[in-house]
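Shown next, in structure tokens, is the structure this report addresses.
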Amino acid sequence: MLLREDGVDLKTIQERLRHSELATTANLYTHESEKISRQAADHLERFDPKKIVNQKL
Numbered sequence: 000m001l002l003r004e005d006g007v008d009l010k011t012i013q014e015r016l017r018h019s020e021l022a023t024t025a026n027l028y029t030h031e032s033e034k035i036s037r038q039a040a041d042h043l044e045r046f047d048p049k050k051i052v053n054q055k056l
């Protein structure tokens, strides 16, 4: 799970751990962590329409 928290994609984890199936890796390493959840929320906040101001081009 630490690899996922550091942003490593599942395919890379699968290859490094030599899992024959990506589903095996996904089942083991996609448990949502608090850190990943917070990062996603922070990322999505940038797209909050309430925070977008009118800008002249």
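The sequence shown begins at 0 in numbering that gives the first Met the number 0 and counts up one residue at a time. In this text, a Cβ means the ideal position worked out from N, Cα and C, and glycines have one as well.
Exercise. Going by other Cβ atoms of all chains shown within 10 Å of its Cβ, with 16 needed for buried, is Gln38 buried or exposed?
Worked result: exposed
Exercise. Counting only beta-carbon atoms, is Arg3 nearer than 9 Å to chain B?
Worked result: Note that chain B does not occur in the displayed structure, where there is just one protein chain.
Exercise. Should Arg3 be labelled buried (16 or more other beta-carbon atoms within 10 Å of its own) or exposed?
Worked result: buried
Exercise. Is it buried or exposed for Thr11, if we count other Cβ within 10 angstroms and need 16 for buried?
Worked result: exposed
Exercise. How should Thr29 be labelled, buried or exposed, when 16 other C-beta atoms within 10 angstroms of its C-beta is the threshold for buried?
Worked result: exposed
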